[in-house]
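Numbering (my numbering), first residue to last: 359 to 562.
For each residue, glycine too, the CB sits at the ideal point set by N, CA and C.
Since the model is a prediction, treat every value here as computed from it, not as a measurement.
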């Protein structure tokens with residue numbers, strides 16, 4: 359009887375192994391076992407899930423862009439070279455043409471034609487008193503430049519002088535008289551530029 363049962367069990371096992379080669383069984387504790395067709399078995403290792411490592415590894419961090427540094431040298435403020443004086447009134451010695459006319463405190467000062475004589479720029483003048491007081495004296499500030507604006511002479515010259523306490527020598531209101539001749543020592547040029555301002559005007 360026992361031999362028949364043993365033979366039956368052996369046949370059953372052989373039939374099962376022949377039908378299903380390797381089989382995987384799950385035990386009560388959750389572990390899995392592989393049954394092989396050669397009557398051996400082994401535990402099935404659990405599959406490892408990939409782990410995410412949040413710690414940055416050396417050498418794998420993203421490169422940080424460096425701030426570009428300019429290699430150009432710093433700009434240094436440089437001084438602006440001095441320019442020649444701005445243009446004045448053009449004067450050509452020998453021309454029969456008035457140079458300019460100035461007005462200040464009721465006095466009209468005419469600078470007439472200019473000439474060059476004996477190393478001097480010579481300009482004739484005339485004074486008209488349009489004010490209400492007599493004119494005693496007038497001084498002009500004159501700057502002479504060449505055609506490029508370079509200064510050749512800078513001086514203050516009188517164009518009207520009265521004698522103190524002699525009213526007859528005053529330039530009375532409403533009258534006109536020739537003024538003093540302007541003479542400025544300067545190098546000879548074909549063309550000059552003049553800047554003229556009233557420096558002093560006294561009345562009484």
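Only residues of its own chain outside the window of five on either side were considered, and among them 382, 384 and 402 have a CB closer than 6 Å to the CB of residue 390, listed in chain order. For the set 489, 488 and 447, the Cα lying nearest the Cα of residue 470 is the one of 447. In terms of CA proximity to residue 550, 449 leads the group 453, 399 and 449. For residue 526, the secondary structure class from DSSP, reduced to helix, strand or coil, is helix. Listed in chain order, the non-local C-beta contacts of residue 547 below 6 Å within the same chain comprise 504, local neighbours out to five positions each way being set aside. Residue 517 and residue 540 have their alpha carbons spaced roughly 7 Å apart. The distance from the Cβ of residue 515 to that of residue 529 is about 17 Å, inconsistent with a contact at the 8 Å cut-off. Under the three-state reduction of DSSP, residue 398 is assigned to coil, being neither helix nor strand.
With contacts defined by Cβ atoms closer than 8 Å, residue 466 and residue 486 form a contacting pair. For residue 383, the uninterrupted beta strand (DSSP E) run begins and ends at 381-384, by DSSP. Taken through DSSP and simplified to helix, strand or coil, residue 519 comes out as strand. If you look at residue 501, you'll find it in the beta strand (DSSP E) that goes 493-503. For residue 553, the CB contacts under 6 Å within the same chain, skipping 5 residues up- and downstream, are 446 and 501 in chain order. Within the DSSP bridge table, the entry for residue 535 names 485 as partners.
Shown here for residue 460: same chain residues with a beta carbon closer than 7 Å to its own, the five before and five after excluded, namely 467, 554 and 556 in chain order. The beta carbon of residue 399 lies closer than 7 Å to those of 391, 392 and 393 in the same chain, with the five residues before and after it left out. Excluding residues up to 5 positions away in sequence, 502, 503, 504, 544, 545, 547 and 550 lie with their Cβ nearer than 8 Å to the Cβ of residue 510 in the same chain.
When DSSP states are grouped into helix, strand and coil, residue 451 belongs to the coil group.
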